[in-house]
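Input: a single structure, listed below in structure tokens.
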Amino acid sequence: MRCVLAIGGLDPGGGAGLAADVRAITAAGAFAAPVAATITVQSTDGLVKQAPVAAALVRAQALAVLRAQKVGALKTGALGDAKNVRVVAELASRFRSVPLIVDPVRLATKGRVALHGAKSMAALRGELVPLATLVTANVDEAAQLTGIAVRDVASATRAARAIVALGARAALVKGGHLASRTATDVLVVGDAAFESVFELSLPRLASGSVHGGGCLLASLIAARLAQHDGDAAASASRIVRAVRWSKARHHRMLARGRVNVGGRLLVGVP
Numbered sequence: 166m167r168c169v170l171a172i173g174g175l176d177p178g179g180g181a182g183l184a185a186d187v188r189a190i191t192a193a194g195a196f197a198a199p200v201a202a203t204i205t206v207q208s209t210d211g212l213v214k215q216a217p218v219a220a221a222l223v224r225a226q227a228l229a230v231l232r233a234q235k236v237g238a239l240k241t242g243a244l245g246d247a248k249n250v251r252v253v254a255e256l257a258s259r260f261r262s263v264p265l266i267v268d269p270v271r272l273a274t275k276g277r278v279a280l281h282g283a284k285s286m287a288a289l290r291g292e293l294v295p296l297a298t299l300v301t302a303n304v305d306e307a308a309q310l311t312g313i314a315v316r317d318v319a320s321a322t323r324a325a326r327a328i329v330a331l332g333a334r335a336a337l338v339k340g341g342h343l344a345s346r347t348a349t350d351v352l353v354v355g356d357a358a359f360e361s362v363f364e365l366s367l368p369r370l371a372s373g374s375v376h377g378g379g380c381l382l383a384s385l386i387a388a389r390l391a392q393h394d395g396d397a398a399a400s401a402s403r404i405v406r407a408v409r410w411s412k413a414r415h416h417r418m419l420a421r422g423r424v425n426v427g428g429r430l431l432v433g434v435p
């Protein structure tokens with residue numbers, strides 16, 4: 166069984182971050198290896214604070230997995246600070262054959278505490294995004310990375326192209342936060358010389374915002390890519406198929422995978 170190395174934040178409520186990563190990766194048929202980069206204080210009520218893990222410890226955790234296990238993909242979420250972003254970029258550079266899925270988590274679903282502040286967003290933009298096989302960004306994160314205000318499908322396409330221009334192999338700009346009847350994501354694969362653009366639309370769910378929804382989607386994609394070797398995993402067709410499969414599974418999880426945990430609804434595995 167292939168392994169997905171997930172580097173991100175620990176959510177004590179179990180709804181988002183590494184807990185969501187493990188659920189999604191397992192649901193997609195891969196083995197999850199979680200590495201804590203930041204410890205958060207949060208619940209379904211919102212994010213209160215975070216404490217980044219020391220960069221040396223993040224590196225040591227990740228290297229232990231990379232050296233001992235067959236890692237088929239690397240997925241990043243909340244990394245805490247710029248030092249941790251740089252450590253992950255260093256590891257991604259050393260293990261270039263491993264597909265890298267970057268979820269540039271900036272804010273939790275609730276709460277205004279930034280999981281990636283200005284310095285770490287700059288490090289993401291300049292050091293980690295250029296190494297990514299795929300970047301999965303919501304409209305706020307896409308705007309922070311590119312300076313493009315995302316208000317509709319056309320501006321989402323421009324933002325996705327701008328992320329690819331930073332060096333990413335592909336970019337998925339998620340339209341779940343846009344005011345529209347359907348939730349339309351834009352996927353751009355390639356570069357200006359040879360580019361493919363896809364609009365992926367699904368019916369909008371009536372349940373509103375979902376705690377950990379972005380973590381689930383990025384991890385599903387990572388698990389799907391992990392099941393193929395090296396360059397094959399990063400091919401344009403493979404990325405498109407992985408995103409399409411993951412979008413459908415993600416939608417099903419959000420629609421039918423809700424579980425009541427201590428009086429609050431969280432997303433489980435249907």
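Residues in the sequence shown are numbered consecutively from 166, following our numbering.
C-beta atoms are modelled at their ideal positions from N, C-alpha and C, and glycine is treated no differently.
When 337, 367, 271 are compared, the shortest CA-CA separation from residue 417 is found for 367.
Annotated as distal: residue 295 and residue 249, with beta-carbon spacing of 8 Å or more.
Just so you know, the alpha carbons of residue 171 and residue 305 end up roughly 22 Å apart.
When the Cα atoms are used, residue 181 and residue 358 turn out to be separated by approximately 37 Å. In this structure, the beta-carbon distance from residue 253 to residue 241 falls below 8 Å.
Secondary structure of residue 320 (DSSP, three-state): helix.
Within a 10 Å sphere around the beta-carbon of residue 412 sit 16 or more other beta-carbons, which makes this residue buried.
Under a 10 Å Cβ-count criterion, residue 262 is classified as exposed, with fewer than 16 other Cβ atoms of the shown protein chains found around its own Cβ.
The stretch 256-315 is shown to contain whole alpha helix (DSSP H) runs of 4 or more residues at 283-288, 304-311, in chain order. The beta carbon of residue 178 sits closer than 7 Å to those of 207, 208, 209, all from its chain and outside the five residues before and after it, given in chain order. In the structure shown, residue 191 falls within a helical segment according to DSSP collapsed to helix, strand and coil. Here DSSP, grouped into helix, strand and coil, assigns residue 235 to coil.
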